[in-house]
Amino acid sequence: VVAGKVTAADVVKLDSATTVNGQNVSIKVMDGSVMIDNATVSAADVMADNGVIHIIDEVILPN
């Protein structure tokens, strides 16, 4: 979970982000896919009442 309303257009401009618990996650675009750490974003910009959801194919556990 990252604070704020971060859309896919915002995400691809970043190379990392800090989660609400203070952990840094890497962000990169590889072969047309967006990767958050080792997880691939499978659906982006799912709008919710309290923010934007990006669905990934792995669970990212806190360090």
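Residues in the sequence shown are numbered consecutively from 12, following the numbering used here. We put the CB at the ideal spot given by N, CA and C, even for glycine. Keep in mind that this is a model prediction, so the values were computed, not measured.
Own chain, CB closer than 6 Å to residue i, minus 5 neighbours either side, in chain order
i: G15; result: none
i: V57; result: I64
Distance, residue j Cα to residue i Cα
i: S27; j: V36; result: 5 Å
i: I54; j: K24; result: With the sequence shown as reference, residue 54 is identified as Ala, and Ile is not the correct amino acid for it. Spanning the two alpha carbons is a distance of roughly 17 Å.
i: V12; j: E69; result: 14 Å
i: A59; j: I66; result: 12 Å
i: A20; j: M41; result: 15 Å
i: V52; j: S44; result: 7 Å
i: N61; j: M46; result: 23 Å
Whole-Å CB distance - residue i paired with residue j, under 8 Å assumed
i: I38; j: V17; result: Rounded, the Cβ-Cβ distance is 10 Å, inconsistent with contact.
Beta-carbon proximity list for residue i, same chain, < 7 Å, skipping 5 on both sides
i: T30; result: V12, V13 and V36
i: K48; result: In the sequence under discussion, the amino acid at residue 48 is Asp, which differs from the Lys named in the question. Cβ neighbours of D48 beyond the five flanking positions: V36, S37 and I71.
i: N74; result: Q34
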